[in-house]
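Shown next, in structure tokens, is the structure this report addresses.
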Amino acid sequence: MLTTDLPTLPPGLDSWDQPMRQALAEAHSAAQAGEVPVGAVLLGPDGAVLARAANAPIANGDPTAHAEILAMRQAARRLGNYRLTGCTLVVTLEPCLMCLGAMVHARIGALVYGAHDPKSGAVASRLDAASLDFVNHRFPALGGVLAQECGDVLRRFFRARRQAATPPPAPPGSHGSESA
Ligand SMILES: [Zn+2]
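For any residue, its number in the numbering used here is found by taking its place in the sequence shown, counting from 1, and adding 1.
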């Protein structure tokens with residue numbers, strides 16, 4: 002599914018950091034909305050931003066509302082074409098299996114991602130996407146762009162959520178559920 006080539010930087014861009022920072026801004030807005038902070042930007046072949054989206058499965062009541070899917074939908078509507086040939090998807094986290102499948106259906110031009118996802122990353126971490134010989138579309142991918150910042154957004158979000166979920170300590174003398 003993936004080629005060994007690296008994505009080609011569109012004209013007008015000096016590095017992938019610039020679109021990744023836009024994707025990071027989307028991730029921050031997802032966090033503020035209580036969604037897992039992942040953001041995506043979709044660039045046209047000329048480097049123009051066709052779409053940007055924040056992860057929103059909770060707000061949308063839609064398990065498929067990952068940032069990548071929302072960005073691809075927006076861009077396809079805008080282009081009037083379900084094929085996103087020559088477009089580059091820039092996303093803060095390594096895509097999951099669903100998003101990888103959607104990229105193949107969209108005939109995406111290239112993928113650039115930030116943090117690796119050791120739990121469910123389907124590009125390199127949990128699946129060697131390059132070895133899927135039944136997939137009829139191949140594209141270059143690059144991971145690790147602003148990986149630290151992209152990962153920090155997620156780590157902060159989950160740390161805050163864990164702290165919020167920790168129950169207050171039981172008062173002295175009471176029987177907690179664990180010791181009862
Ligand atoms: Zn996904």
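The beta carbon of each residue, even a glycine, is placed where N, CA and C say it ideally should be. Being a predicted model, the structure only gives us computed values, none of them experimental.
According to the DSSP assignment, Arg78 belongs to the alpha helix (DSSP H) that extends over Ala68 to Leu80. In the DSSP assignment, Arg156 falls within the alpha helix (DSSP H) that extends over Ala148 to Ala166. In the DSSP assignment, Leu43 is bridged to Ala52 and Leu90. Under the DSSP definition of a beta bridge, Tyr114 partners with Val92. Burial is judged here by how many other beta carbons sit within 10 angstroms of a residue's own beta carbon; Tyr114 has at least 16 and is buried.
Contact check between the stretch 28-40 and the stretch 5-16: fewer than three CB pairs, one atom from each, fall below 8 Å, which does not count as touching. In the structure shown, the three-state DSSP call for Pro20 is helix.
With respect to Leu43, Val91 sits close: the two C-beta atoms are nearer than 9 Å. The C-beta separation of Ile109 from Phe140 comes to about 6 Å, placing the pair in contact by the 8 Å criterion. Counting other Cβ atoms within 10 Å of its Cβ, Leu155 reaches 16 or more and is therefore classed as buried.
Three or more beta-carbon pairs separated by less than 8 Å are not found between the stretch 73-90 and the stretch 118-127, which leaves the two stretches without contact.
The Cβ atoms of Cys97 and Asp118 sit closer than 9 Å to each other. For Ala107, the closest of Asn137, Leu133, Ser121 and Arg157 by C-alpha to C-alpha distance is Asn137.
Rounded to whole angstroms, the separation of the alpha carbons of Ala161 and Ala103 is 31 Å. Under DSSP, Leu101 forms no beta bridge with any residue.
Under the three-state reduction of DSSP output, Pro119 falls in the coil class, being neither helix nor strand.
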